[in-house]
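Below is one structure, written out as structure tokens; comments come after it.
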Amino acid sequence: MNERIVQYKDKVVRYWNQFSKNQKIIFVSTLSIIVIVIVILTMMFSKTEYEVAFKDLNSTDAAGIMTYLDDNSIPYKLSPDGGSISVPSTQAARAKVDIGSQGIVENGSIGYKIFEQGSSVIGMTDSEFGVKYNNALNGEVEQLLKSMNGIRDAKVLINLPEKSVFASNGDQDKASASAVLIFNAGFKPNQEAIDGYYNLMKTAIPNLPIENITISNDEIELVSTAKGGEGVLSTALEANYALQKRFENDVRQNVKQFLTQFMGEDKVEVLVVSKLNFDKIQSQENLVTPVNEEDMKGIEISVQNISNNYSGTTAPDSGVAGVGQEEIPGYPSDTSTGNTTSEELSETVNYEVNRIAREIISSPYSVKDLTINVAVEPPDGQENLDAATITAIQTILKNIVRASVADSGITYTNDELDQKVSVYSQTFNSGEDVSTGIKLSNGALWAIGLVVLVLLGLVGFLIYKRRKQKDEFEEDVPLQVPTEFPSINLESMTNESQVRKQLETLAKKKPDEFVNLLRTWLADE
């Protein structure tokens, strides 16, 4: 048995010695990597992965969840701050549904569920009901606020007016509320979100005006737009700024796209600076114009003609004729009688004119000023743009500026337009030094390296398996009888020439036996 083991050992050693040094290093490295990969994969797949199922918990909710998990033999991990609980990934979804359905997580707020707990058989007093109702309303509003984006915790205190049988002032029948919000790290609510908090509390709490609501965080008070917040102003400024940038971007893209068709790709850069008028003007006009502008007359809608004729005998004048002291100067002194005739004509014409009422709302988005700067790379073989090209580009830019400011009523002269546009030559980076190869992330490189190592390991394993099958085949062959080495009696030799001659003869006739004999001598020495 020991001899067979020794034979196997000798064969393994001889087989191992057949490889070169580099082959041995590659084989050992591949085998080591395969073992390491197998160990890592085994650890990864055998390790229980935990998933955060509940976070931002208070002590009450955390205790309730831990009790439920202990009762159902579900392993869990509690975070160092006690605000998060992790469960195995395979059981996380089931645990969330079960705990959520049982109402264990209440975010520290009981809400109207308090009326389902500890109800007395004989009922409760009005004072007890009022306290529970107030606490329940506080909890419901807190839960609503916590459900909004960015709010980690909320504390609400509501003061409801007391009911009275006597007539009271209107302000005394109004409720009031205060809230303290704690936001997630890095979250900053905008004015729209703040107005949403106010509207939520206003609609959730009966008879609560916005002016009776106070909301603050751990630093400052959050003021709604109705109470003087700057939400409307800031929103308008942001909208105006976005509109201006959009206009500039559109002009820049249009100019670049047009010039690129003639100058080539990546040879044009455009800088646009604008000033927009956001003033919104509303005016009303009441105009009255004639129908017939030539005669400056309107349409006759009614005409009235009145004619009075009179004829008869005149009566004698009374008084004393003459021009005495008591007589009226200029009065006719003739007392004779005669016939008289009179005629009176009257005409009234009503004209209808055009009455025009106009309500004019001017567009608030007019361009007050526009400047366009263009950098163009000269064509190949030229250091600068020629004058004709620069003039053509300037003409195009001037037309764009003139058309853009037309609605604002501004008219630029040619000298002023020259100051609004500029074209100059600029050599851009050709991009020859930029690597055009595929860039891979570190993770991708590690993945590729791991795949290569696995492939090398498979190749090494196949080679090893093939060698092993070959050795097994050789083992099945009967062992050859050990070769009997020829014996040379050195003591009977009298001189060196005889020994040398006998060795030469053995080497020529039986070289294999001669080699084995030398190996035996070397092993003995």
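Each residue of the sequence shown is one higher than the last, beginning at 3 in this note's numbering.
No residue lacks a Cβ here, since even glycine has one placed at the ideal position from N, Cα and C.
Please read all numbers here as calculations on a predicted model, not as lab measurements.
By the neighbour-count criterion, in which a residue is buried when 16 or more other Cβ atoms sit within 10 angstroms of its Cβ, P513 is exposed. Between S406 and the set Y312, E267, P191 and F249, the nearest pair of CA atoms involves F249. The alpha-carbon separation between N352 and S344 amounts to approximately 28 Å. 8 Å or more divides the Cβ of I36 from the Cβ of I67. Spanning the alpha carbons of T429 and N242 requires a straight line of approximately 35 Å. Membership of N352 in the beta strand (DSSP E) is indicated by the continuous run N341 to E354.
Taken through DSSP and simplified to helix, strand or coil, E144 comes out as helix.
Apart from the 5 residues on each side of it in sequence, K157 sits with its Cβ closer than 6 Å to the Cβ of V182 in its chain, given in chain order.
Straight-line spacing of the CA atoms in N136 and S276 works out to 57 Å. Checking the DSSP bridge columns, you'll see A156 partnered with L183. For L524, DSSP records no beta bridge to any residue. In the three-state DSSP reduction, G188 falls in the coil class, being neither helix nor strand.
According to the DSSP assignment, S48 belongs to no beta strand (DSSP E) but to the alpha helix (DSSP H) extending over K23 to S48.
Residues of the same chain with a CB within less than 8 Å of the CB of Q104, apart from the 5 flanking positions on each side, are Y70 in chain order. A residue is called buried when at least 16 other Cβ atoms come within 10 angstroms of its Cβ; E144 meets this threshold and is buried. The alpha-carbon of E349 is positioned some 9 Å away from that of S309. Measuring C-alpha to C-alpha distances from K148 to each of S61, T216 and Y199 identifies Y199 as the nearest. Counting only unbroken stretches of 3 or more residues, the beta strand (DSSP E) elements lying wholly within the stretch 204 to 234 are 215 to 218, in sequence order.
Counted as a single uninterrupted DSSP element, the alpha helix (DSSP H) harbouring Y70 occupies residues S61 to D73. Distance between V290 and K190, taken at the CA atoms: about 57 Å.
A residue is called buried when at least 16 other Cβ atoms come within 10 angstroms of its Cβ; A449 does not meet this threshold and is exposed.
Under the 8 Å Cβ criterion, the stretch 218 to 230 does not count as touching the stretch 257 to 269, having fewer than three qualifying pairs. The C-alpha of K134 is placed about 21 Å away from the C-alpha of L202.
Secondary structure at I398: helix, using DSSP grouped into helix, strand and coil. With respect to L139, I207 sits close: the two C-beta atoms are nearer than 8 Å.
Annotation for I374: the continuous beta strand (DSSP E) segment containing it runs S368 to V378. Exposed is the label assigned to S48, since fewer than 16 other Cβ atoms lie within 10 Å of its Cβ.
Taking C-beta separations shorter than 7 Å and ignoring five residues to either side along the sequence, the partners of G152 in its chain run F185, N186, F189 and P191, following chain order. By a beta-carbon distance limit of 8 Å, V355 does not contact V305. Their separation comes to about 16 Å. If you check the CB distance, G383 and T32 do not come in under 8 Å.
Counting C-beta atoms within 10 angstroms of its own C-beta, F56 has 16 or more neighbours from the protein chains shown and is therefore classed as buried. According to DSSP, residue pairing for E53 in a beta bridge involves V89. Taking S427 as the centre and dropping the five residues before and after it, the same chain places the C-beta of V378, P380, N386 and L387 closer than 7 Å to its C-beta, in chain order. Using a 10 angstroms sphere on the CB of I395, the tally of other CB atoms reaches 16 or more, which defines it as buried. Counted as a single uninterrupted DSSP element, the beta strand (DSSP E) harbouring E271 occupies residues V270 to N279. Rounded to whole angstroms, L347 and N341 show a C-alpha spacing of 21 Å.
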